[in-house]
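Heads up: the sequence shown begins at 4 in the numbering used here, then just goes up one per residue. Even for Gly, the Cβ is constructed at its ideal location relative to N, Cα and C. Bear in mind that the values here come from a model prediction, so they are computed numbers and not experimental data. Take a look at the structure set out below.
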Amino acid sequence: MDRPTFSHPLDITNPLFPVGDLQSVIQVGTVEGKLFRSETTRLPQTGVVDWYGTRVPVVLSQYVAYLDGRIEEVAVDRYAQADDGSVWYFGEDVIDYQHGGAYFTEGTWLAGRDGPPAMLMPAHPELGDVFRVENVLGVVFEELSVVEVDKTVKGPTGPVTGAIVVDELGVDGTHSRKTLAPGYGEFLTKNRTELEAMAVATPTNAVPGGAPPALRHIYTAAWGTWEFARGDSWNSAKLSVDQIATAVSDLAEGNQPFRPMRLLQRSLTKLHAAVGGRDVRVTEEAAARVAQSAVDLEAQYLTSQEVERFRFHLHTMVLRQAAAAHRPADVNGEVAVLELLRARLELPADQATVMDRELTALRTAVDARNLLSAADVTARLGFLALDQG
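Right, dumping it as structure tokens:
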């Protein structure tokens, strides 16, 4: 293969890997029986990779994966589109998390330092095409073979045509089936132990006209239910759950992305049972999942920066939950999440200064295991996240 040229590498328009246009992608599923969720977000800044004397500007994309609501893996990926329309992978920085702390960086590589870039997606993939999307000896390996083309798949709100299916061969010799769809890119990954499926992507699934009021009611009432449960006000908690149920019923009458909607309904059922059984711990977990699904659904209606602010606020609430329950590992993990979310936010200078100062104070409090102080700082950060100035 001839060495590709990159005249306009940041203009990534390949429909089967449209990372240049996508602002945020949410996937959900299960991994080894645990609930899986990931966010892939194009970062505001770009990068440059020196590929043996050629400096190639690259799009930076942040990937964050959660298992059972706890941070599991973070990666910052580097992409560029060649002049022929193919998309190339220029490396990734990977951090795995355990018990809330970073502990492993296996899989990190950089084109030009560790090996050549790899082609992620041909301009016009055909049946039988084989390409290696990662291939650094002793570090990473992943080979894709196109096994189906022109496939129609069930999208978040309707059918999507023109998808392809590839067989994915990993470094350990295992195989997975991966579907890639126009407007979405990686759409569905499935093997014996895991399922990662598209929930909602913006702007592909963007809906004009503003969010249904029911979504904000659900989000607010979810946290209210948790606060009532903490205060042993179970009658008030039940009334709050009833309000959520009414809002979810109203929401279900519209054409909402089916996977986050299904998760919302399941979490609501769990929340109702937890409140009925007066179980504070399960109420806490279910309330957070209800709130998460509300934010995922609201992403269709918000700008990218608005949804990042709500995600930031959500994780301040999850951190406060963990601090109230005296779970330092979970608190530490949520601090890491807030620091990652901060990288996605574009803030006015004065607001950025305040947020960065408070995040530093939060990290100091957590490192000192002062959870009371951490909760106090987190409350201020939550208000700051939603302050549009």
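According to DSSP, residue i sits in a beta bridge with which residue or residues?
i: W112; result: E95
i: H178; result: L172
i: K193; result: R180, L198
i: W54; result: T57
i: T49; result: V62
i: R40; result: V31, Y69
i: F134; result: L147
i: I167; result: L183
i: A204; result: V28
i: F107; result: D99
i: E76; result: A68, D99
i: P162; result: K157
i: R81; result: L63
Are residue i and residue j closer than 8 Å when you measure CB to CB?
i: V203; j: P162; result: no
i: L384; j: L344; result: no
i: A339; j: I74; result: yes
i: Q303; j: A209; result: yes
i: V278; j: V251; result: no
i: L274; j: T228; result: yes
i: V334; j: A377; result: yes
i: V22; j: E42; result: no
i: T196; j: V34; result: yes
i: V156; j: D170; result: no
i: D87; j: P7; result: yes
Excluding five sequence neighbours on each side, which residues of the same chain lie with their C-beta closer than 7 Å to the C-beta of residue i?
i: E349; result: P47, Q308
i: R281; result: W237
i: M124; result: N17, L19, F20, S89, V90
i: G104; result: N335
Please name the residue, chosen from the options, that lies closest to residue i on a Cα-to-Cα basis.
i: M264; options: S236, A294, R366; result: A294
i: D1; options: D175, G103, M122, S64; result: Past the boundaries of the shown model lies residue 1; the chain is included only from 4 to 392, so the question cannot be answered.
i: T49; options: Y82, T111, G118; result: Y82
i: G131; options: N138, F144, E137, V152; result: V152
i: L322; options: E337, H316, W91, A332; result: E337
i: L183; options: F313, S148, E230; result: S148
i: G234; options: V283, T192, F261, F9; result: V283
i: A289; options: Q101, D71, A166; result: D71
i: V369; options: A326, R360, E35; result: A326
i: A225; options: A248, P211, G213, G212; result: A248
i: A240; options: G104, T57, L271; result: L271
i: L172; options: L13, A166, R135; result: R135
i: E76; options: F261, T108, F313, T177; result: T108
i: F9; options: Q84, F39, L305; result: Q84
i: F39; options: P351, L266, R360, M358; result: L266
i: G118; options: L365, N138, V133, Y106; result: N138
i: A232; options: D99, Q259, R116, A276; result: A276
i: T177; options: N194, A166, G165, N258; result: N194
i: A346; options: I29, T44, I15, T367; result: T44
What does a CB cutoff of less than 8 Å around residue i pick up in its chain, not counting 5 residues either side in sequence?
i: P206; result: D24, L25, Q26
i: H329; result: L374
i: V79; result: L46, L63, S64, Q65, Y66, E95, D96
i: K37; result: L70, D71
i: G2; result: Outside the shown range of the chain (4 to 392) lies residue 2, about which nothing can therefore be said.
i: L365; result: V338, L341, A377, V380, T381, L384
Please return the same chain residues whose Cβ sits closer than 6 Å to the Cβ of residue i, not counting the five positions on each side in sequence.
i: A114; result: V52, W54, F93, G94, P120
i: V174; result: F144
i: A297; result: L218, I221, Y222
i: E287; result: W229, Q324
i: K181; result: V169, E171, T192
i: F315; result: L344, A388
i: G165; result: P185
What does the alpha-carbon distance come out to for the pair residue i and residue j?
i: P18; j: V31; result: 22 Å
i: G141; j: V285; result: 43 Å
i: V168; j: E189; result: 10 Å
i: Y215; j: T319; result: Note that residue 215 is Pro in the sequence shown here, rather than Tyr. One C-alpha to the other measures close to 24 Å.
i: D5; j: V62; result: 23 Å
i: S179; j: M201; result: 16 Å
i: H102; j: P331; result: 9 Å
i: T363; j: T111; result: 26 Å
i: P60; j: A382; result: 38 Å
i: A255; j: P128; result: 38 Å
i: Q199; j: R262; result: In the sequence as presented, Gln is not what sits at residue 199; that position holds Glu. One C-alpha to the other measures close to 11 Å.
i: G474; j: A126; result: Nothing about residue 474 can be reported from this structure: the residues present for the chain run from 4 to 392 only.
i: D1; j: A291; result: Since the first residue shown for the chain is 4 and the last is 392, residue 1 is missing from the structure and cannot be characterised.
i: T306; j: R312; result: 10 Å
i: L317; j: G56; result: 44 Å
i: Q259; j: Y106; result: 38 Å
i: E361; j: E146; result: 44 Å
i: M122; j: K154; result: 22 Å
Does any residue of chain C have a CB that is nearer than 8 Å to the CB of residue i?
i: V369; result: Included in the structure is just one protein chain, with no chain C present.
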